[in-house]
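Trainee: Dumping the structure here so I can ask a few things about it.
Chains as they are written, first to last, in the numbering used here: chain A, 1 to 114; chain B, 1001 to 1114.
In structure tokens:
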């Protein structure tokens, strides 16, 4: 089955710096990779996703890159702001079954210091 | 106009009790999910369900059972609660059952078993 590894588990940056979170997956058939952001005490929310037919996707200050050969994908946040502080989860699909079940990485707690 | 709602928000109960958590979505989505988030913030799929198929994560004890009275609701019933069941439980929904569908999470139910 699918296994998703996420690093680092914690990340502290200065406001304005960039942050990069990396995930690796094991199932070469996986074709969809979302990133969710969870602020303290709140629900996870999708911030960006990428499908296997592209190598990079950007949305303002966030971007995701995908390397299918190496089976890893990364979240990039530029010009970080204090409101970016949260736990970020990567995910990949569980191939078994016909429904959209995801396996999540263990999360990265990002702290942006003003 | 809450998209995915859960009740109760907090639940404190004794070991051995039976409890239910309710989930409702008003998005017209076809598939609903239950996730467990433990104290280390690990987010794990428990069930996914649409009107055709129930998929159960094999690690979920059979004390947990989802019940869906209709397409907009997926309740979680837990029998004989144990200390290790203490966690935050999130309901989620997606438009279809495909793996590339965005999942929308509810606000979570914080369960504490004493």
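Ideal Cβ positions, reconstructed from N, Cα and C, are used throughout, including at glycine. Bear in mind that the values here come from a model prediction, so they are computed numbers and not experimental data.
Between the C-alpha atoms of residue 8/A and residue 1044/B, what's the straight-line distance to the nearest angstrom?
Mentor: Those two C-alpha atoms are separated by around 19 Å.
Trainee: Straight-line CA distance for residue 1054/B to residue 59/A?
Mentor: Distance between the alpha carbons of residue 1054/B and residue 59/A is about 35 Å.
Trainee: Listed from N- to C-terminal order along the chain, which residues in the segment 21 to 52 of chain A have their beta-carbon within a distance smaller than 9 Å of any beta-carbon of chain B?
Mentor: Listed by position, the residues of the segment 21 to 52 of chain A near chain B (Cβ gap below 9 Å) are 30, 31, 32, 34, 36, 38, 41, 42, 43, 44, 45, 46, 49, 51.
Trainee: Check the Cβ of residue 67/A against every Cβ in chain B and list those closer than 7 Å, keeping chain order.
Mentor: What residue 67/A touches in chain B: nothing, since even the nearest Cβ is about 19 Å away.
Trainee: Which residues bound the beta strand (DSSP E) around residue 108/A?
Mentor: Looking at the DSSP string, the run of the beta strand (DSSP E) that includes residue 108/A is 108 to 113.
Trainee: Check whether the segment 1003 to 1016 of chain B touches the segment 1024 to 1031 of chain B, counting contact only when three or more Cβ pairs, one atom from each stretch, lie closer than 8 Å.
Mentor: Yes, since at least three Cβ pairs between the segment 1003 to 1016 of chain B and the segment 1024 to 1031 of chain B fall closer than 8 Å, the two stretches touch.
Trainee: For residue 1100/B, go through chain A and note every residue whose CB falls closer than 9 Å to its CB, in chain order.
Mentor: Those are 31, 32, 34, 49, 51, 93, 100, listed as they occur along chain A.
Trainee: Let me confirm a value: residue 14/A is counted as buried when at least 16 other C-beta atoms fall within 10 Å, else exposed. Which label applies?
Mentor: Classification of residue 14/A: exposed, given that the 10 Å Cβ count is below 16.
Trainee: Would you give the residue range spanned by the beta strand (DSSP E) that residue 94/A belongs to?
Mentor: Counting along the chain, residue 94/A falls outside any beta strand (DSSP E), and DSSP gives it neither H nor E.
Trainee: Determine whether the Cβ of residue 89/A lies closer than 8 Å to any Cβ atom of chain B.
Mentor: Taking Cβ atoms only, chain B reaches closer than 8 Å to residue 89/A, which makes this a yes.
Trainee: Closest to residue 41/A by C-alpha separation, out of 1095/B, 1076/B, 1089/B, would be which residue?
Mentor: Among 1095/B, 1076/B, 1089/B, the Cα nearest to that of residue 41/A belongs to 1089/B.
Trainee: DSSP state of residue 1085/B, grouped into three classes?
Mentor: It is helical.
Trainee: How many whole angstroms separate the CB atoms of residue 76/A and residue 63/A, which I take to be in contact at a CB cut-off of 8 Å?
Mentor: Correct: roughly 5 Å between the Cβ atoms.
Trainee: Spell out the partners DSSP gives residue 1032/B in its beta bridges.
Mentor: For residue 1032/B, which the question treats as bridged, DSSP gives the partners 1049/B, 1093/B.
Trainee: Taking residue 57/A as part of the beta strand (DSSP E), name the residues at either end of that continuous run.
Mentor: Run containing residue 57/A: 56 to 59, per the beta strand (DSSP E) assignment.
Trainee: Tell me the residue span of the beta strand (DSSP E) that contains residue 1006/B.
Mentor: Looking at the DSSP string, the run of the beta strand (DSSP E) that includes residue 1006/B is 1004 to 1007.
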